[in-house]
Structures are given as structure tokens and as C-alpha cells.
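Q: Residue numbers (the UniProt record's numbering): 1 to 184.
Got a structure for you, written out below as C-alpha cells; questions coming shortly.
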């Protein structure tokens, strides 16, 4: 690999060095390992501690830590590839990844909608496990709240799985959210 510098339109060789494939791969591996370990030790730990100190639920903290861990992995690959001289490969990979993400987002639109709604349900807590809720099409006791679906047990002892985007976009009555206001 030759390093060239251009001075006023004329090519000047600054240094001529050859870096072997083994050296390039080792450089990539060392930079990846260092970046990944530092990212996991610093960024992921800081994210976890910051969210826990704000009193967020364990499920949301776990979700955020998982997302940050994936971002640290992607950043480690990007940094290592750049330092090892794979800039062109990294650019092509980023372009391909962007196109793939766009296609997948259209294909998984309902799944992503349910996932986002699940995050809002867990954060906003319009209902919690054990509450009796009533919506447009569903009524029952909340048995489980997951990121994609919520499970209700009906009064006929049936387990109904409802996508979270339906619950997030519906008018819900939570019959046990408040204490009784009247006595009959």
C-alpha cells in the first residue's frame, strides 16, 4: 500500500510501505476488541446505571441496555474497519445496510408498531398486570404485558392475546385503576 500526497497537482511519494494482510487483520481485531470492551464497560454500564437511577422498570432498562449493546457492537466494527483501512468496504456496507433496513422496516411495520406501543404501555402504565380493562373488542384481567402483545384472561376463562398497537390506539376503561368513588 502506497501513501501519496498531492502538492499543487504534482504527485509526491511521502512514504512507501506495504502492510500485509495479516497485519491488517490483526489491526482490525485489536481495534475491534478495544472499542468493544471499552464500549461495554463504559457506555453500556453508564446507560444501565442512568436508567436505573431514574426509576425505570427493569424491562425498559433491559431493552435499552440491549439496544445500546448492539449499537456498541456496530460502532466497534465501524471504528475497527476505518482504522484498518477498510473505509470503502465500510461505506458499501453502510449503504447496503441502510437499504436493507428500509426494506425490513416496510415489511415489519406492524411488528415495529406493536413493539413501540409496548414500550409506551410499559412506560405510561395505563394498566398493569391484574387490572380489569375493557376496550372496544376486548375485556378481561391483564395477565401479561410483553413488548409485542398483552394477554388478557376473559371472564369465560379464555386467554386472549391482543397486539399492543390495538390497545395503545383504543379507548380503554381500567375498572380498578382508582379506588371506588361511589357506594351503591
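Positions of the beta carbon are idealized from the N, C-alpha and C atoms, including for glycine.
Could you tell me if residue 91 is buried or exposed, where buried requires 16 or more neighbouring beta carbons within 10 angstroms of its beta carbon?
A: Counting Cβ neighbours within 10 Å, residue 91 comes out exposed, since fewer than 16 surround it.
Q: Label residue 117 either buried or exposed according to how many other C-beta atoms from any shown protein chain fall within 10 Å of its C-beta, with 16 as the threshold for buried.
A: Burial call: buried.
Q: Relative to the C-alpha of residue 167, which residue among 157, 146, 44 and 179 is closest?
A: 146
Q: What does DSSP give as the partner residues of residue 126 in its beta bridges?
A: Partner(s): none; residue 126 has no beta bridge.
Q: In whole angstroms, what is the alpha-carbon distance linking residue 35 and residue 123?
A: 32 Å
Q: Specify the secondary structure class of residue 178 as computed by DSSP and reduced to three states.
A: coil
Q: For residue 149, count the other beta carbons within 10 Å of its own beta carbon; 16 or more makes it buried, fewer makes it exposed. Which is it?
A: buried
Q: With which residues is residue 151 paired in a DSSP beta bridge?
A: 144 and 161
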